[in-house]
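**Student:** If you read the sequence shown in my numbering, its first letter stands for residue 94, the second for the next number, and so on.
Note that the Cβ used here is the ideal one computed from N, Cα and C, for glycine as well.
I am attaching a structure below and will ask some questions about it afterwards.
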Amino acid sequence: MDDRNYNLSVELDKIHLRNPTMLASGILGISQSIFERLYNENIGAVVTKSISVDPMKGYPNPTVIPLGCGSYLNAVGLSNPGLHAFSKELSQNKSIPIIISLVGSSEKEFSKMVKVFDSLNILGYEINLSCPHVSKMGMEVGDDPEAVSKIVSTVRVNTNKPISVKVGVGSVDVVELSRIAIDAGANIITAINTLRAMSIDVETMMPILSNRIGGLSGSAIKPIGIRCVYEISKKLQVPVIGCGGVSSWQDVIEYMIAGASAVQIGSVLGSRGPRIFNKITQDLKKYVVKKRVANISEIIGIAHRY
Numbered sequence: 094m095d096d097r098n099y100n101l102s103v104e105l106d107k108i109h110l111r112n113p114t115m116l117a118s119g120i121l122g123i124s125q126s127i128f129e130r131l132y133n134e135n136i137g138a139v140v141t142k143s144i145s146v147d148p149m150k151g152y153p154n155p156t157v158i159p160l161g162c163g164s165y166l167n168a169v170g171l172s173n174p175g176l177h178a179f180s181k182e183l184s185q186n187k188s189i190p191i192i193i194s195l196v197g198s199s200e201k202e203f204s205k206m207v208k209v210f211d212s213l214n215i216l217g218y219e220i221n222l223s224c225p226h227v228s229k230m231g232m233e234v235g236d237d238p239e240a241v242s243k244i245v246s247t248v249r250v251n252t253n254k255p256i257s258v259k260v261g262v263g264s265v266d267v268v269e270l271s272r273i274a275i276d277a278g279a280n281i282i283t284a285i286n287t288l289r290a291m292s293i294d295v296e297t298m299m300p301i302l303s304n305r306i307g308g309l310s311g312s313a314i315k316p317i318g319i320r321c322v323y324e325i326s327k328k329l330q331v332p333v334i335g336c337g338g339v340s341s342w343q344d345v346i347e348y349m350i351a352g353a354s355a356v357q358i359g360s361v362l363g364s365r366g367p368r369i370f371n372k373i374t375q376d377l378k379k380y381v382v383k384k385r386v387a388n389i390s391e392i393i394g395i396a397h398r399y
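Next comes the structure, spelled out in structure tokens:
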């Protein structure tokens with residue numbers, strides 16, 4: 094196949110992406126200059142850091158621990174500038190494909206944020222219901238099916254834009270949690286978030302993270318992410334965004350074969366920087382040309398055949 098006759102574009106409900114790579118929430122996404130840098134590196138879309146109504150300072154250091162072999166333990170504490178400061182920052186955006194990650198503890202908070210953000214130039218929302226280390230937010234909300242339904246319904250009432258819900262591995266089955274979110278008005282599922290984890294210094298005999306408990310990310314969680322994407326996409330047949338342990342084009346392809354329509358990249362940026370997006374995109378191009386695949390979307394969910 095002529096290398097000019099390939100197509101890396103994908104569809105997420107009503108969202109069209111030029112390629113399947115996305116910035117995972119929690120990494121870099123709080124300034125227009127960063128958004129522009131990422132877009133120039135050929136990213137498909139940017140997911141912002143999770144934004145709350147009020148600013149959050151996050152936890153004191155240490156907040157991120159490298160564990161080796163491409164894995165990390167972190168508890169940043171959802172630090173973000175808050176609704177009003179971030180909406181002002183985002184008002185500068187003209188053409189960068191941005192999805193806003195929302196985090197909150199009540200329906201009222203989510204409603205307030207969407208009413209402000211909805212007039213801005215954004216693609217849609219990702220609701221963070223799976224952060225494993227913040228009290229009264231994230232997974233503490235996501236483990237309550239009734240709360241999930243109410244929050245997603247509230248966001249849906251206030252917007253016509255696509256909504257993704259970011260699910261994690263908690264006390265509620267990930268497929269069932271995704272089903273509840275879709276029934277309440279979500280269009281897309283993002284799977285997965287970091288996994289609740291901990292590390293202790295054997296010399297000081299103290300937890301290493303300032304928050305004690307954090308989230309495990311990076312290569313160690315990729316097989317779990319692959320499994321979750323496979324099960325959600327096969328059983329619910331909804332667009333799924335894969336997330337967890339992605340550092341190469343092979344990881345992106347594996348997630349897509351499992352059923353992901355797009356794939357988020359996060360932890361590896363700490364060691365390889367934003368240029369990884371352009372590198373992976375160029376490698377994806379080589380892969381589809383080699384496999385004689387006219388459109389990369391043709392490989393989505395191939396694993397379901399077996």
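1) At what residue ranges does the region 105 to 192 contain a whole run of the beta strand (DSSP E), taking only runs of 3 or more?
2) Ends of the beta strand (DSSP E) at Asn-221?
3) Does the separation of the CB atoms of Met-206 and Asn-173 fall below 8 Å?
4) Against chain E, does Leu-216 count as a neighbour if the rule is that its beta carbon must be under 8 Å from one of theirs?
5) Helix, strand or coil for Pro-316? Go by DSSP, reduced to three states.
6) Do you know offhand how far Cys-224's Cα is from Ser-264's?
7) Have a look at Pro-255, Asn-221, Ser-184, Pro-190 and flag the residue whose alpha-carbon is nearest the alpha-carbon of Phe-210.
8) Measuring alpha carbon to alpha carbon, tell me which residue in Lys-254, Ser-303, Ile-369 is nearest Asn-280.
9) Less than 8 Å separating the beta-carbons of Ile-325 and Ser-271?
10) Can you tell me the Cβ-Cβ gap for Leu-116 and Val-146, rounded? I've got them flagged as a contact below 8 Å.
11) Do the CB positions of Ser-164 and Gly-217 come within less than 8 Å of each other?
12) Between which two residues does the beta strand (DSSP E) carrying Thr-283 extend?
13) With a Cβ-Cβ cutoff of 8 Å, do Ser-390 and Val-103 count as a contact?
14) Is Cys-162 buried or exposed, if buried means 16 or more other CB atoms sit within 10 Å of its CB?
15) Closest by CA to Ile-136, which one among Leu-329, Gly-359, Arg-111, Gly-235?
**Tutor:** Taking the coordinates as given:
1) 108 to 110, 114 to 116, 138 to 140, 157 to 161, 164 to 167
2) 217 to 221
3) no
4) The structure shown has no chain E; it contains just one protein chain.
5) helix
6) 13 Å
7) Ser-184
8) Lys-254
9) yes
10) Between Val-146 and Leu-116 the Cβ distance is about 23 Å, and since that is not below 8 Å, they are no contact.
11) no
12) 281 to 284
13) yes
14) exposed
15) Arg-111
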